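Undergrad: Just so you know, we're using the working numbering here: the sequence shown kicks off at 1 and counts up by one.
The beta carbon of each residue, even a glycine, is placed where N, CA and C say it ideally should be.
Bear in mind the structure is a predicted one, so any value in this text is a computation, not a measurement.
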Amino acid sequence: MRRRLCADTYGAVTNNIVPASDEAIERAARLLRAGELVAFPTETVYGLGGDASDDAAAARIFAAKGRPRFNPLIVHVPGLTEAEALAAFDERARLAARRFWPGPLSLVLRRRAECGLSLLASAGLDTVALRVPAHAVAQALLRAAGRPIAAPSANRSGRVSPTIAAHVLAEFEDPHPPIADAMGPSLSRGAGEGKYAAAPDTLVRNAGEDARGRSPRAGEGLGPALILDAGPCLVGIESTVLDLTGATPALLRAGGVTLEELRAVFGEIEVPAPGENTPRAPGRLPSHYAPRRPVRLDAVDARPGEALLAFGAEAPPGFAEVLFLSRSGDLAEAAANLFALLRRLDRPEFSGIAVMPIPEVGLGRAINDRLRRAAAPKL
Ligand code: TXA
Ligand code: MG
């Protein structure tokens, strides 16, 4: 069921979510080619896309997110051919691409001198992180745009990544209201326990372009000109970042492709100890993916006023509210639900968000990485 919300309810800045029809994708591609930002779905999380060959567009992404400029952006392309134009691929990189693309794996490789990518997009490094997303809308958008698209997760720096279009809207609304208010009545659909494969209610709004086809907010550093809505992201957690510039492949960020899957293909993989930051991953800030409420890990019992993110069939008693990442202990389901449920519990009436222990295997590594950063002291 679709729900049409009156744009006046939210004001001009919010009337830019559109269902990802062919026409909307074409319009989004035109906006990208004009140097605008567009939020779009991938199988991992929603991305805030901008033309990766345009310094001004890259600068606009950093400004919109409030992202530190030493944290390079992932560059998205539709396939291996386009990727090979941007970076040097050896046999090992081609093997990774054949095995995991399209899909939730980003490869850090040496930039080609003639790649034409904005240096700002890769924060001045001589390497670039490349990703070929599997989501049909992302694929169509990348092909229609016809140029590499830099796309970090479509949230303000340090906050929880968006897994539905309404989360993107909540991130970039200005002034920044409490998330629950910005969501309106449709948030809880599509974000609920175990519903990650279900289509959510969709906010249907008209895009607010002016006569020149540019968003009224263009150049203001405030967020995307358009948000393409294709429902919830099925993986729900960002891509794995694998550095292939050294002698041994190095895991820079745990994500949608598991360490076990990488080891099956490459054998040895350099892995940082849980919670440790690798020097080669410049953007891995200790506090990240963070809700406003404090987060407490490995919770086995309740503290006063706390809400609980539970994993498995049984939750300990005494919590003010309990949401299940996965009742059956399925890590893929837990990953898909993680960010949406963190948002749902990020409410002032709770003293904090406690999380039950998650096994450090498979997708559990990526989930625990995000949770440790959500729980880290904010600087
Ligand atoms: O799933 C994803 O990867 C999402 C969706 C939208 O595709 N995108 C995403 O992008 O998470 P972003 O920009 O938030 O992630 C960038 C990560 C950071 O950890 C950054 O340090 C690392 O990739 N990274 C990017 N370029 C790098 C480089 N040249 N060398 C090392 N790490 C790099
Ligand atoms: Mg991010």
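How many Å lie between Val295 and Ala85 at the Cα?
TA: Roughly 43 Å between the two C-alpha positions.
Undergrad: Could you tell me whether the stretch 147 to 155 touches the stretch 62 to 76, where touching means 3 or more Cβ pairs closer than 8 Å?
TA: Taking 8 Å as the limit for Cβ pairs, the verdict is that the stretch 62 to 76 does touch the stretch 147 to 155.
Undergrad: Regarding Ile74 and the ligand TXA, is the C-beta to nearest heavy atom distance less than 7 Å?
TA: For the ligand TXA, at least one heavy atom lies less than 7 Å from the Cβ of Ile74.
Undergrad: Do Leu86 and the ligand TXA come close, with the Cβ less than 7 Å from some heavy atom?
TA: Outside the cutoff, so no.
Undergrad: Using alpha carbons as the reference points, say which of Phe62, Arg99, Leu117 lies closest to Asp54.
TA: It is Leu117.
Undergrad: Can you tell me which residues form a DSSP beta bridge with Thr127?
TA: Answer is Arg110, bridged to Thr127.
Undergrad: Note down the Cα distance separating Pro286 from Gly158, rounded to an integer number of angstroms.
TA: Cα to Cα, Pro286 sits roughly 9 Å from Gly158.
Undergrad: By Cβ distance below 7 Å, which residues in the same chain neighbour Gly362 in space, the five residues on each side in sequence not counted?
TA: Within the same chain, Gly362 has close Cβ partners Thr258, Glu260, Leu331.
Undergrad: May I ask you to list the residues that DSSP assigns as paired with Ile74?
TA: Partner(s): Ala129.
Undergrad: Please work out which residues of its chain come closer than 7 Å, Cβ to Cβ, to Pro104, disregarding the five sequence neighbours upstream and downstream, and give them in chain order.
TA: Correct list, in chain order: Glu43, Thr44, Val235, Ser239, Thr240, Gly255, Gly256, Val257.
Undergrad: Which residue from Pro68, Gly66, Leu37, Arg344 puts its Cα closest to that of Ala56?
TA: Of Pro68, Gly66, Leu37, Arg344, the residue nearest in Cα terms is Leu37.
Undergrad: For the ligand MG, enumerate in chain order all residues having a CB closer than 6 Å to any of its heavy atoms.
TA: Matched residues: Pro152, Ser153, Ser161.
Undergrad: If you compare alpha carbons, which of Ser326, Val137, Cys115, Gly79 is closest to Glu26?
TA: Checked all of Ser326, Val137, Cys115, Gly79; the closest Cα to Glu26 is Val137.
Undergrad: Under 8 Å between the Cβ atoms of Ala354 and Ala320?
TA: It is not a contact, given that the beta carbons lie outside the stated cut-off.
Undergrad: On the criterion of 16 or more Cβ atoms from any shown chain inside 10 Å, does Leu262 qualify as buried, or is it exposed?
TA: When all chains shown are included, Leu262 counts as buried.
Undergrad: Buried or exposed: where does Lys65 fall if 16 or more other Cβ atoms within 10 Å of its Cβ makes it buried?
TA: The residue is buried, with at least 16 neighbouring Cβ atoms inside 10 Å.
Undergrad: Compare the beta carbon distance of Ala58 and Ala121 with 8 Å and say whether it is the shorter of the two.
TA: Yes, the Cβ-Cβ distance between Ala58 and Ala121 is below 8 Å.
Undergrad: Take the Cβ of Pro102 as the centre, count every other Cβ of all protein chains shown within 10 Å, and call the residue buried at 16 or more, exposed below.
TA: That one is buried.
Undergrad: Return helix, strand or coil for Arg159, following the three-state DSSP convention.
TA: Three-state DSSP puts Arg159 in coil, outside helix and strand.
Undergrad: Between which two residues does the alpha helix (DSSP H) harbouring Asp55 extend?
TA: Looking at the DSSP string, the run of the alpha helix (DSSP H) that includes Asp55 is 55 to 65.
Undergrad: Is DSSP giving Ile164 helix, strand or coil here?
TA: Note: Ile164 maps to coil in three-state DSSP.
Undergrad: CB-CB under 8 Å to Gly213, same chain, minus the five flanking residues each way: which ones, in chain order?
TA: Bear in mind that the predicted position of Gly213 carries a pLDDT of just 33, short of 50, making it unreliable; the figure below should be weighed with that in mind. Same-chain partners within the cutoff: Arg30, Leu31, Ala34.
Undergrad: Quick one: using the 10 Å Cβ neighbour count with 16 as the cut-off for buried, is Ser161 buried or exposed?
TA: The residue is buried, with at least 16 neighbouring Cβ atoms inside 10 Å.
Undergrad: Taking all protein chains shown into account, do 16 or more other C-beta atoms lie within 10 angstroms of the C-beta of Asp369, making it buried, or fewer, making it exposed?
TA: Under this definition Asp369 is a buried residue.
Undergrad: Smallest Cα separation from Arg67: which of Gly318, Ile269, Gly223, Leu325?
TA: Comparing Cα positions, the closest option is Gly223.
Undergrad: In the DSSP assignment, the beta strand (DSSP E) including Phe266 goes from what residue to what residue?
TA: Careful: Phe266 lies outside any beta strand (DSSP E), inside the alpha helix (DSSP H) at 259 to 266.
Undergrad: Could you tell me the alpha carbon to alpha carbon distance between Gly125 and Leu119, rounded to whole angstroms?
TA: Note on residue identity: the sequence assigns Leu, not Gly, to residue 125. Going by the C-alpha atoms only, they are around 7 Å apart.
Undergrad: Just the C-alpha distance for Arg99 and Pro348, rounded to the nearest angstrom, thanks.
TA: One C-alpha to the other measures close to 44 Å.
Undergrad: Just mark Ser21 as buried or exposed, buried being the case when its beta carbon has 16 or more other beta carbons within 10 Å.
TA: It counts as exposed.
Undergrad: Measure the CB-CB distance between Leu169 and Ile227 and report whether it falls below 8 Å.
TA: Their beta carbons are under 8 Å apart, which means Leu169 touches Ile227 by this criterion.
Undergrad: Go ahead and pull the three-state DSSP assignment for Leu37.
TA: DSSP places Leu37 in coil when its eight states are reduced to three.
Undergrad: What's the gap between the Cα of Leu48 and the Cα of Phe172?
TA: Their backbone Cα atoms lie some 11 Å apart in a straight line.
Undergrad: Give the secondary structure of Ala198 by DSSP, where H, G and I count as helix, E and B as strand, and everything else as coil.
TA: In this prediction, Ala198 has a pLDDT of 28, which is less than 50 and means its spatial position is unreliable; what the coordinates show is noted afterwards. It is coil, neither helix nor strand.
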